[in-house]
Amino acid sequence: MIELILPERCIACGTCAKVCPDDVLRTDAAGEPVIAHKEDCQTCYLCELFCPVDALYVSPRTAPDATVDAAALIAGGLIGSYRRELGWARGRPGGTETDLSYRMHEAFAEPFGEIWKRSGI
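Each residue of the sequence shown is one higher than the one before, counting from 12 in our numbering.
Okay, here's the thing in structure tokens:
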């Protein structure tokens with residue numbers, strides 16, 4: 012659930028409000044994003060992914076978290092971490108070059124191949 016907008020990082024581009032599928036984020040008269048309907052947040056992370064300056068924090072929890080501490084999130088490197096892990100941030104290393112999940116078929120191919128050969132399928 013969207014928990015936090017860091018005004019000191021926000022550049023008021025409005026991208027977060029544009030990509031939100033449920034209009035949870037809106038822009039005020041000055042163009043600054045505000046959390047308008049927090050209870051409608053799907054925790055889809057689109058706002059965090061598309062924010063070019065890592066000014067948002069979406070908690071993996073789907074209920075409001077009263078203990079969100081911006082300073083602790085920044086110090087712990089959690090602000091922008093979802094974006095970094097997916098490789099969405101320009102100039103930052105992604106994760107695809109180290110992701111070996113595409114090789115899962117190799118782990119299962121041999122045992123199942125042998126079973127299929129013996130079964131005559």
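Backbone N, C-alpha and C define an ideal beta-carbon position, used for all residues, glycine too.
**Study point:** Inter-residue CB distance, Ile-22 and Val-69 (contact presumed, cutoff 8 Å)
**Key:** Taking the first residue of the sequence shown as position 1, residue 22 is located at position 11. Taking the first residue of the sequence shown as position 1, residue 69 is located at position 58. Their Cβ separation, rounded to whole angstroms, is 18 Å, which puts Ile-22 and Val-69 out of contact at 8 Å.
Exercise for review: Enumerate, from N- to C-terminal direction, the unbroken alpha helix (DSSP H) stretches of 4 or more residues contained entirely within the stretch 24-53.
Suggested key: Those alpha helix (DSSP H) runs which fall completely within the stretch 24-53 and span 4+ residues are 26-30.
Check your understanding: By a C-beta neighbour count over all protein chains shown, 10 Å radius and 16 as the cutoff for buried, is Leu-36 buried or exposed?
Key -> By one-based count along the sequence shown, residue 36 stands at place 25. Around the beta carbon of Leu-36, a 10 Å sphere encloses 16 or more other beta carbons of the protein chains shown; the residue is thus reported as buried.
Check your understanding: Roughly how many whole angstroms lie between the Cα atoms of Cys-27 and Thr-78?
Key -> Here residue 27 is taken as the residue at index 16 of the sequence shown, counted from 1. Here residue 78 is taken as the residue at index 67 of the sequence shown, counted from 1. C-alpha separation (whole angstroms): 23 Å.
Practice item. Taking only the alpha-carbon atoms, compute the straight-line gap between Tyr-56 and Glu-19 and give it to the nearest angstrom. Key: Locating residue 56 in the sequence shown gives position 45, counting from the first residue. Locating residue 19 in the sequence shown gives position 8, counting from the first residue. Tyr-56 and Glu-19: Cα-Cα distance of roughly 20 Å.
Review point. By DSSP, does Leu-84 sit in helix, in strand, or in coil?
Key: As a working mapping, residue 84 is identified with position 73 in the sequence shown. In the three-state reduction of the DSSP assignment, Leu-84 falls in the helix class.
Review point. What does DSSP give as the partner residues of Tyr-93 in its beta bridges?
Key: What you label residue 93 is simply residue 82 of the sequence shown in a count that begins at 1. Beta-bridge pairing links Tyr-93 to no other residue.
Point to revise | Delimiting residues of the alpha helix (DSSP H) encompassing Leu-60 | key: The residue you call residue 60 lines up with position 49 of the sequence shown. First-last of the alpha helix (DSSP H) with Leu-60: 57-61.
Practice item. Could you pull out every residue in the same chain whose Cβ sits closer than 7 Å to the Cβ of Cys-58, ignoring the five residues on either side in sequence? Key: By 1-based counting over the sequence shown, the position of residue 58 is 47. Counting only Cβ-Cβ distances below 7 Å, and skipping sequence neighbours, we find Ile-13, Cys-27, Val-30, Cys-31, Leu-36, Leu-67 and Val-69.
Exercise for review: Return the CA-CA distance between Ile-85 and Ile-16, expressed in angstroms with no decimal places.
Suggested key: Residue 85 sits at position 74 when you count from the first residue of the sequence shown. Residue 16 sits at position 5 when you count from the first residue of the sequence shown. In a straight line, the C-alpha of Ile-85 is about 12 Å away from that of Ile-16.
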